[in-house]
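Protein chains in written order, with this note's numbering: chain A, 50 to 336; chain B, 100 to 358. Note that beta-carbon positions come from the ideal geometry of N, C-alpha and C, so glycine has one too. Everything on this sheet refers to the single structure shown next.
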Amino acid sequence: MSYRMLNQWVGPIIFIALSVVPLLLGIGYALLYSLGLTGIINNGFTLAHWHTLLQDASFWETIGFSLVVALSTMVISIALALGLVLREPTRFQRPIPSFLMYMPLAIPAIVMAFFIFQMFAKGGWLSRIAFQLKIIPELQSFPDLINDNLGIGIIVSHILMAVPFLVLFFTNIYQNEDIDAYRKLAFTMGTSRKMSLWYVQLPMLLRPAQPTLFLYFLFVMGSYEIPLLLGSQSKQMIAVLTIQKMQRYNLADIPQAYAISVAYTVVVILLLYIMVWVSQKNRSYDP
Amino acid sequence: MTRKLSRLALWVIVLFPFGFILTLSFGQRWPYPRLFPQSWTLSNWIEIGQSGAGITSSFWLSLSLSLSVAIIATTLSFWGSRQIAFHPQKQVLLRFAYFPYVFAPVILAACLQYFFVRSGLYGQLAGVLIAQLCITIPYGLLFFSSFWNPKRKAMEESVYTLGGNVWQAYRMVLIPTARPTILTCFFQLFLISWFEYGLTQLIGVGKVDTLTLRVFQYVNESNIFLAALASVLLIMPPIVLLWLNKRYIFRLNTNKDLL
Numbered sequence: 050m051s052y053r054m055l056n057q058w059v060g061p062i063i064f065i066a067l068s069v070v071p072l073l074l075g076i077g078y079a080l081l082y083s084l085g086l087t088g089i090i091n092n093g094f095t096l097a098h099w100h101t102l103l104q105d106a107s108f109w110e111t112i113g114f115s116l117v118v119a120l121s122t123m124v125i126s127i128a129l130a131l132g133l134v135l136r137e138p139t140r141f142q143r144p145i146p147s148f149l150m151y152m153p154l155a156i157p158a159i160v161m162a163f164f165i166f167q168m169f170a171k172g173g174w175l176s177r178i179a180f181q182l183k184i185i186p187e188l189q190s191f192p193d194l195i196n197d198n199l200g201i202g203i204i205v206s207h208i209l210m211a212v213p214f215l216v217l218f219f220t221n222i223y224q225n226e227d228i229d230a231y232r233k234l235a236f237t238m239g240t241s242r243k244m245s246l247w248y249v250q251l252p253m254l255l256r257p258a259q260p261t262l263f264l265y266f267l268f269v270m271g272s273y274e275i276p277l278l279l280g281s282q283s284k285q286m287i288a289v290l291t292i293q294k295m296q297r298y299n300l301a302d303i304p305q306a307y308a309i310s311v312a313y314t315v316v317v318i319l320l321l322y323i324m325v326w327v328s329q330k331n332r333s334y335d336p
Numbered sequence: 100m101t102r103k104l105s106r107l108a109l110w111v112i113v114l115f116p117f118g119f120i121l122t123l124s125f126g127q128r129w130p131y132p133r134l135f136p137q138s139w140t141l142s143n144w145i146e147i148g149q150s151g152a153g154i155t156s157s158f159w160l161s162l163s164l165s166l167s168v169a170i171i172a173t174t175l176s177f178w179g180s181r182q183i184a185f186h187p188q189k190q191v192l193l194r195f196a197y198f199p200y201v202f203a204p205v206i207l208a209a210c211l212q213y214f215f216v217r218s219g220l221y222g223q224l225a226g227v228l229i230a231q232l233c234i235t236i237p238y239g240l241l242f243f244s245s246f247w248n249p250k251r252k253a254m255e256e257s258v259y260t261l262g263g264n265v266w267q268a269y270r271m272v273l274i275p276t277a278r279p280t281i282l283t284c285f286f287q288l289f290l291i292s293w294f295e296y297g298l299t300q301l302i303g304v305g306k307v308d309t310l311t312l313r314v315f316q317y318v319n320e321s322n323i324f325l326a327a328l329a330s331v332l333l334i335m336p337p338i339v340l341l342w343l344n345k346r347y348i349f350r351l352n353t354n355k356d357l358l
């Protein structure tokens with residue numbers, strides 16, 4: 050095989066070997082395990098694990114909870130980031146503000162979870178401030194902001210990580226799409242500030258951002274470290290539930306864990322299809 | 100005035116986590132309801148300098164693992180992305196590259212555990228390295244996919260027309276042209292590996308004791324001061340990389356005001 054031929058084929062082969070093959074192997078193994086066709090306690094083909102899982106209300110709660118956490122994070126983060134960028138569009142193009150916005154991106158999820166834990170826990174910093182200001186009489190009076198059923202700690206952590214990223218992302222789009230020129234053009238044509246915001250700036254920012262925002266949504270939905278540290282035992286996010294079921298001593302839980310992995314894959318594929326469909330529909334409206 | 104105050108509030112929110120975690124790393128006792136630790140110590144930091152300290156070995160392990168992952172993944176994805184960029188099935192292949200991320204790396208690792216056990220890589224550093232390559236190489240391919248365009252292809256082909264070989268095309272034309280992109284990709288792949296927790300914990304079974312695992316271990320042990328120290332060590336290299344990388348960020352803005 051000549052060097053040029055090697056150069057032509059090795060790339061796709063490495064990519065397929067390290068990305069596509071593990072993905073297909075993983076999902077294939079999870080499907081077989083969930084159908085009782087492989088694994089320690091396999092007794093031949095069965096739909097029992099799927100039946101148990103789909104009848105289990107806590108599974109649907111987990112899916113719903115993961116969706117709600119991801120959706121809340123995205124809505125709040127997008128609103129905050131848009132507010133910051135549209136207030137002063139050129140601000141985050143300057144070196145020092147942009148560098149300061151990059152800094153939170155250096156905080157890993159596990160450290161952010163630890164920070165929020167130290168802030169929001171009953172014995173955390175906010176509770177201590179509240180006590181010193183005599184807002185609460187004792188430690189127990191501080192509300193449950195972490196390990197709670199509403200996922201407040203999880204959402205706040207994700208927001209603190211998402212907002213700097215989105216500010217830089219929207220600033221980049223604002224600059225690349227030259228939105229300021231369109232805004233000024235809209236003013237010369239007699240539009241108000243409000244109309245320019247709703248009909249020019251927001252659509253021009255949000256339309257090219259759709260795929261990235263959607264991928265970030267999926268990233269939050271599948272997050273692990275933050276809900277592991279800040280989530281509650283009764284309401285778990287999908288990745289935490291999967292891993293906990295897989296690592297329990299009860300062997301009957303393992304096929305269900307694999308079934309959850311496959312079900313999550315199906316949910317993600319469905320959501321991806323919706324995203325592609327929406328973006329194609331939007332594109333078809335373009336002149 | 101309101102605008103100045105809101106700017107100040109923004110910078111306080113951005114910088115506060117860094118200050119808070121750094122402060123905690125020097126703490127020793129922090130009884131409720133004190134706002135700051137009761138006593139301060141340098142002993143946690145001095146311990147880092149001792150060769151036998153667990154946290155120090157975790158730091159060097161994480162650093163060598165992340166550097167290895169970043170070097171291998173950047174090299175392979177730069178090389179591979181060139182072929183994929185001009186492949187007839189480019190769109191399908193690139194779509195696959197998104198999947199390790201949208202499926203959550205930790206769930207992918209859970210589904211792959213069996214294969215790592217069978218291959219004897221379970222609980223091994225090599226296993227964690229390969230598992231991390233499975234998520235960093237697709238990222239690298241996506242990152243470089245926009246680099247390859249008809250202009251770059253024409254540049255490469257002109258090398259062959261002038262009698263050069265593939266090695267010369269890469270060494271003298273493609274790599275020098277792509278240097279800033281390669282560096283940025285290297286930084287980002289380093290960070291993906293450096294921040295990784297779930298996949299490392301599952302495939303390494305806790306035996307590959309990286310810094311992220313240390314933070315979690317200290318939090319579980321309620322040793323918040325060592326958890327803060329490990330967190331500072333986790334944040335430091337990315338900040339240094341950002342500082343180095345800022346040359347590229349700043350270069351775009353040289354003719355603008357600093358503030």
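- Boundaries of the alpha helix (DSSP H) harbouring A:ARG232: 228-237, taken from the DSSP string.
- With contacts defined by Cβ atoms closer than 7 Å, B:THR299 and B:LEU160 do not form a contacting pair.
- For A:GLN305, the CB contacts under 6 Å within the same chain, skipping 5 residues up- and downstream, are HIS98, LEU102 and LYS294 in chain order.
- Taking the C-beta atoms as reference points, B:PHE125 is found nearer than 7 Å to B:TRP139.
- A:PHE64 places its beta carbon less than 7 Å from that of B:GLY179.
- With 16 or more other CB atoms across the displayed protein chains lying within 10 angstroms of its CB, A:LYS284 is buried.
- When DSSP reads this structure, B:GLY126 sits in a beta bridge with B:TRP139.
- For the pair B:CYS284 and B:PHE242, the CB atoms are nearer than the 7 Å cut-off.
- With a threshold of 7 Å between beta carbons, B:SER321 makes no contact with chain A.
- For B:TRP159, the enclosing alpha helix (DSSP H) stretches over residues 153-184.
- Short of 8 Å from the beta carbon of A:ASN331, and not among the five residues preceding or following it, lie these beta carbons of its own chain, in chain order: ARG256 and GLN259.
- With respect to chain B, the C-beta atom of A:VAL325 has no partner C-beta closer than 7 Å.
- Close partners of A:MET152 in chain B (Cβ separation under 8 Å): VAL113, LEU114, PHE117, ILE338 and LEU341.
- Interface annotation, A:SER68: in contact with chain B, CB-CB separation under 7 Å.
- When CB distances to chain A are screened at a threshold of 9 Å, the residues of the segment 238-250 of chain B falling below it are LEU240, in chain order.
- In this model, A:ILE145 and A:ALA301 are separated by some 55 Å (Cα to Cα).
- Within its own chain, the residues whose Cβ lies closer than 7 Å to the Cβ of B:LYS252, once the five positions on either side in sequence are excluded, are PHE185, listed in chain order.
- For B:ILE183, the residues of chain A that pass the 8 Å Cβ criterion are GLY60, PRO61 and PHE64, in the order they occur in the chain.
- Within chain B, the residues whose beta carbon sits less than 8 Å from that of A:GLN181 are PRO132 and LEU134, listed in sequence order.
- Chain-order list of chain B residues neighbouring A:MET295: ALA209, GLN212 and LEU301, by C-beta distance under 9 Å.
- In the three-state DSSP reduction, B:VAL304 falls in the coil class, being neither helix nor strand.
- With a beta-carbon spacing of about 36 Å, A:PHE219 and A:VAL311 fall beyond the 8 Å limit used to define contacts.
- One finds VAL59, GLY60, PRO61, ILE63 and PHE64 in chain A with Cβ atoms closer than 8 Å to the Cβ of B:GLY179, taken in chain order.
- For B:LEU332, no CB of chain A lies under 7 Å from its own CB, so it is not counted at the interface with that chain.
- With respect to the 7 Å criterion, A:ALA130 and A:VAL216 are classified as neighbours on the basis of their beta carbons.
- Going by DSSP, A:TYR78 is part of the alpha helix (DSSP H) stretching over 70-83.
- Exposure of B:LEU343 is indicated by the presence of fewer than 16 other C-beta atoms within 10 angstroms of its C-beta.
- The beta carbon of B:SER167 sits closer than 8 Å to those of LEU228, all from its chain and outside the five residues before and after it, given in chain order.
- Taking C-beta separations shorter than 7 Å and ignoring five residues to either side along the sequence, the partners of A:ALA308 in its chain run SER83, HIS98, TRP99 and LEU102, following chain order.
- Not a single unbroken stretch of the beta strand (DSSP E) spanning 3 or more residues falls wholly within the segment 278-343 of chain B.
- The residue from A:ALA128, A:VAL117, A:THR122 and A:ALA162 with its alpha-carbon nearest to that of B:VAL318 is A:ALA162.
- Within chain B, no C-beta atom comes less than 8 Å from the C-beta of A:LEU279; the nearest is roughly 11 Å away.
- In the structure shown, the three-state DSSP call for A:GLN259 is helix.
- In this structure A:SER272 does not touch A:MET253 by the C-beta definition: roughly 30 Å separates them, more than the 8 Å allowed.
- A residue is called buried once 16 or more other Cβ atoms fall within 10 Å of its Cβ, and B:MET254, having fewer, is exposed.
- C-alpha of B:LEU240 to C-alpha of A:MET324: approximately 22 Å in a straight line.
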